[in-house]
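Colleague: One structure is given below, represented as structure tokens, and several questions about it will come after.
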Amino acid sequence: MKAVVYVAITDEGRAYPFWTVSWETDLMFWMHEWFRLAERAPIPHAGAQWLCRLRPMLPLGAAEAVYERLKERMERMGAQRVSPEEASRLLQEAAGPGQGNDSLRKKRGRLALWGFRTRANAGHRTHSVAVDALRVADWRRLNGGGCGGGNGDADGNGCGGGNAKAGGDGGESGFSGGYAPGCGNGGVGAGADWHRDEAAKLLRAARQAGRQLEGRSLLLDEALGLLSQADSGDALRHLQLAALLGEARLAAAIEPPRGRRGLRCRRCGSGENRMRRSACASCGSDSCAVCEACITMGRSRACGLLVAGPAQMASLGHPPHDAGDSGSPLFVDRWGLSQPQLRASEAAVRFLREVGDRGGRGRDERRQAKRASAGEQHGLSGRLSRAWGRRLPDRIRRRLPACLLRLVPHANRELGKPPSRRFLLWAVTGAGKTEMIFPLLEEVLSRGGRALVATPRRDVVLELAPRLAKAFPGTKLAVLYGGSEDRWSNAPLTLATTHQLLRFQEAFDLVLIDELDAFPYHNDPMLHYAAMKAQRRMGATVFLSATPPHAMQREARSGRLPCARVPVRFHRRPLPVPARLTVPPIAKWVNRGRVPAALRKLAHESVRRGAQLFIFVPYIRHVEPIVALLRRHAGDWGLSREAIGGTSSKDPDRGNKVTDFRNRRLRVLVTTTILERGVTIPRSDVCILDAHHAMFDDAALVQMAGRAGRSAEDPKGRVFFCSAYVTRSQKRAKMQIRSMNRLARKLGFLEETPG
Amino acid sequence: MKGEWLERMYRWFSPHNGSCPVCGRDRRDGAPPLPVPIRHAAARQALSSLCGDCMRAIPWIDIAACSICGRPDRCGDCLRRSVRHFQCCRAAVRYDAVMRDWLALYKYRGLERLEPVLAAMLALPAERLLSRVTAFAVAAVPLADERLRERGFNQAERMALRIARWYRIPYLPLLRRVRHTDKQSFKGRGDRLENMRGSFAAAGPVALLDDGKERNIILVDDIYTTGSTINECAYVIRKAYPSCKIYGLLWARS
């Protein structure tokens, strides 16, 4: 998509830069003063006397970059009066080559950097792009019947002088008095026969678009779907008008580079290293950037439009009863929470209230941020980052040890500072996380706020939806996932897959992210960016996890991240602590056709005590051979061959096999990490083969161990790490489980049973 | 612990193979063996970026059973066709479910990192064709302006440009689309043939082709279903330059 950059000069002679994707809408806006009486309009109550525009339309990203430079320049000029000639010069300057000492920039001109070929940068020394200026009053007089007609007569209004100055390209560059309509501006009339009620209709459409877009952040295609308009021309007009009225915000989907920061995807926050540049037929640039990090959600590209609703400053209503009163409970427990759950939920609700009271960013926080950035400038890290350049390619970053990465501030922190309004709810596997979020949701909903529950998998969304609907019967619930029907409905309570977070902006007072370390966003900075973006400025984000990533654990330990731990399951027995068995790596025995004795013994034991046995392996390719091997021994354990099965992500029959396993038709199930979470089997043991494998980090190990002992009847499931050697992951997993048990004992949550 | 450190050392020194452009998974093993003979180094390199699973999933057309359209099995369409304006067509792969997904990823999702891989797959029939005929130029089936703006690129043109560069044949934009047709993928055979009539035109005189000598032109498109698009394009080109012979080069044959 292409855009026009122009400068509007008001009656007082002040200049304001703009860019637009629908030039005729902007023309109309400046012609007719009643548009500008809107509250949030950019220059309230002031008409424009002159409009100066760059004649060529620029790719959207380039247009925005030019606009930014212009704005900076004009802000520096302050309240100075600007003549149309000067404004045109400024426009040409902003679009022309930069003043910096960057040799590439000097050589090719700024537009060329954006892949836009202007005739000026084809080799001439003088770089100038054509600028048209038009006096609004003349335009109104001349264009009785719509803006289609090309008016060649430049009435001598003092701006012809610009022509002489423009070097090189003759008529193409330079400054022409009359407006030559070069690019498609038919359709909307701007003259006398153009009625007020038509303007009112447009205004209504624009306002409605703004209302519908509230809290969203959508690519143009998605926005068209939301506004249910097939005609993109019409929709663009409405969106542009809404943007002029301050009812919507338009931006290029990829933020232009600024200072030393490269491109950045405005939707998912990914930096330069996830961008791919290619020739683009829709903007004519030969290196238009596309973000590959979020491409599954539609293409976010430098010339694509990202549409967001109006900026909001609304805050929550007051809590129902006084927060300072320590005697009364924070909320009424109508969900039957256990004591450990209650304790954590209360901590989280207290956090929400504190955050609500705190308002904007506190002074302390600001000071801290300042100090941090100052440290970066002077310290070793600053020097290193300067020496290494701004971006570190992915393939190098993956190889660097963590201690080195920490020295390079931009290496893992390119997504800006972490949001300050975060809370971690760290609950062991099987603690009943879902019930614990109810008080939080109630807190926000009862105060008139909006809440989002995001969870990684679609089946979890579908399973959770009826439970939420039952818990909050009076509240409208929107359920979002790829292809859901509620896609465009706004509701106080939203349940969505984590991907859908990207489509919101400043929408929720509470963003709840379930299983933040699970598959699609495992250690992905995109998730944090998306959560931060979806949360309102006064809102908060609560993360739920049984196995938070190390960085978060560290933050929680040091107190930087407020955190509540639920160290015990609902049946109040300690978590089974994994035992380690030395078993040779799978590769050593699977093809020789014999099962290690230790493994045979533990399987026999499990079968004898009547438990279901999970056997986890690192790779799908190991599932089948191990099932075949174990079946040879089925007779020894008193099982039929069919009672031993295997499944993986590639198995279309997975659902049935899990049901069979639950119904005890299958007794031993060989599987990969696909079943590491979300599956609850009442009486089960867990055996992890090749637990030393790099694929199993401590989070995965804890999750898999968490499949055992989940029911009250059999809380003492057995867990085995079968590995060739001990690894840090195994140690950490064990440590994490033990520390949770310790904490539970300390808090008196455990019901110790004799034996 | 010792084992873990050895493992780390090993990882530190072993080459990182990057991730597969199609499925995005890290490639554990090195370059998978190429099951078909492709000579051009750039094409081979592009294909070797695939992981083993994706490489094995490609349904190559090794032997063309129909000498006209290059279909790997017996072909009724070519017998039924009354007038044929192209000499022959050759396709790289069968259009099965996997290939449909790949093309959808590239065309509709806009995953442009697939482009070199798809073009490299086209190198197989290109090399076989070029060993028989000397090509004068490469052209591509054009896209309607509106569709082009929406998608941002013309997949056939992109592939043609790569083929042209690899085999040092000039690329000529010989055609333009004059009529916006509905999507072909929803239509039956008869409709497709009708639908194509008069939707292309010659893009303007090319001086090089005007001398009346016999020239072989390779026309690139992504999918061949009934051949109506290629036939229509060949007809338009031959009307403008009657001495030309058109050879179709297709990425997939359905």
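Chains U and H are the protein sequences, given in the same order.
Its first residue numbered 412, the first sequence is counted upward by one per residue in the working numbering.
Its first residue numbered 269, the second sequence is counted upward by one per residue in the working numbering.
Glycine residues also receive a C-beta, built at the ideal position from the N, C-alpha and C atoms.
#1: Might you give, ordered along the chain, the residues of its own chain that have their beta carbon closer than 7 angstroms to the beta carbon of Gln1114/U, omitting 5 neighbours on each side?
#2: So which residues of chain H does Arg710/U contact, with C-beta pairs closer than 7 angstroms?
#3: Taking only beta-carbon positions, decide if Gly292/H is within less than 7 angstroms of chain U.
#4: Counting pairs of Cβ atoms below 8 angstroms between the segment 1049 to 1060 of chain U and the segment 1101 to 1120 of chain U, do you hit three or more?
#5: Is the beta carbon of Cys337/H less than 7 angstroms from the beta carbon of Cys346/H?
#6: Put Arg685/U into one of helix, strand or coil per three-state DSSP.
#7: Would you report the Cα separation of Thr845/U and Thr905/U, rounded to the nearest angstrom?
#8: Following the continuous beta strand (DSSP E) through Trp746/U, name the residue where it begins and the one where it ends.
#9: Relative to the C-alpha of Arg745/U, which residue among Ile848/U, Gly657/U and Glu483/U is closest?
#10: Using a Cβ-Cβ distance cut-off of 7 angstroms, determine whether Cys1098/U contacts chain H.
#11: For Val1097/U, which option in Ala653/U, Ala1022/U, Ser698/U and Pro751/U has the closest C-alpha, if you only look at C-alpha atoms?
#12: Using the Cα positions of Pro987/U and Gln750/U, report the straight-line distance between them to the nearest angstrom.
#13: Does DSSP put Arg644/U in a helix, a strand or coil?
#14: Count the CB pairs spanning the segment 404 to 414 of chain H and the segment 434 to 448 of chain H that are closer than 8 angstroms, and state whether there are at least three.
#15: Taking the continuous alpha helix (DSSP H) assigned at Ala508/H, which residues delimit it?
#16: Would you report the Cα separation of Glu479/U and Thr431/U, rounded to the nearest angstrom?
#17: Buried or exposed: which applies to Cys291/H, given that a residue is buried once 16 or more other Cβ atoms fall within 10 Å of its Cβ?
#18: Provide the residue span of the beta strand (DSSP E) that contains Asn484/H, from first to last.
#19: Can a CB atom of chain H be found closer than 7 angstroms to the CB of Cys691/U?
#20: For Asp697/U and Ala432/H, what's the separation of their Cα atoms in angstroms?
#21: Excluding five sequence neighbours on each side, which residues of the same chain lie with their C-beta closer than 8 angstroms to the C-beta of Leu938/U?
#22: If the cut is a Cβ gap below 8 angstroms, which residues of chain H does His1015/U touch?
#23: Less than 7 angstroms between CB atoms is the rule here; does Thr1138/U satisfy it with respect to chain H?
#24: Could you give the DSSP three-state label for Arg519/U: helix, strand or coil?
#25: Am I right that Cys699/U and Met686/U are in contact with their C-beta atoms under 8 angstroms? What's the rounded C-beta distance?
#26: Pull up the DSSP beta-bridge partners for Val1187/U, would you.
#27: Compare the C-beta of Leu416/H with all C-beta atoms of chain U and state if any pair is closer than 7 angstroms.
#28: When DSSP labels each residue in this structure, what does Leu1077/U get in the three-state scheme?
#29: Output, in chain order, the set of chain H residues within a Cβ distance shorter than 8 angstroms of Ile706/U.
#30: According to DSSP, simplified to helix, strand and coil, what is Glu917/U?
#31: Just reading off the alpha helix (DSSP H) that Phe440/U is part of, what are its end residues?
#32: Taking the CB atoms as reference points, tell me whether Gly720/U and Arg861/U lie closer together than 7 angstroms.
#33: Considering only the alpha carbon of each residue, which of Phe421/H, Gly466/H and Tyr278/H lies closest to Ser693/U?
#34: Please list the terminal residues of the continuous beta strand (DSSP E) segment that includes Ser628/U.
#35: Confirm, please, whether the CB-CB distance from Trp434/U to Val415/U is below 7 angstroms.
#36: At 4 residues or longer, and completely inside the segment 926 to 998 of chain U: list those alpha helix (DSSP H) runs for me, N to C.
Modeller: Put simply:
#1: Thr840, Ala957, Thr958, Glu1087 and Arg1088
#2: Gly378
#3: no
#4: no
#5: yes
#6: helix
#7: 15 angstroms
#8: Trp746/U -> no beta strand (DSSP E), and no H or E assigned at all.
#9: Ile848/U
#10: no
#11: Ala1022/U
#12: 21 angstroms
#13: The sequence given here has Gly at residue 644/U, not Arg. Three-state result, Gly644/U: helix.
#14: yes
#15: Ser496 to Ala508
#16: 13 angstroms
#17: exposed
#18: Arg483 to Tyr492
#19: yes
#20: 19 angstroms
#21: Thr909, Leu912, Ile924, Leu927 and Tyr932
#22: Under the 8 angstroms cutoff, chain H gives no residues; its nearest Cβ is about 28 angstroms from His1015/U.
#23: yes
#24: Here Arg519/U scores only 46 on pLDDT, less than 50, and its place in the model should not be relied on; the value that follows carries that caveat. The answer is helix: DSSP assigns Arg519/U an H, G or I state.
#25: Cys699/U to Met686/U, Cβ: 10 angstroms. No contact.
#26: Past the boundaries of the shown model lies residue 1187/U; chain U is included only from 412 to 1166, so the question cannot be answered.
#27: yes
#28: coil
#29: Arg377, Gly378 and Leu379
#30: coil
#31: Trp434 to Met442
#32: no
#33: Phe421/H
#34: Ser628 to Leu630
#35: yes
#36: 936 to 945 and 961 to 969
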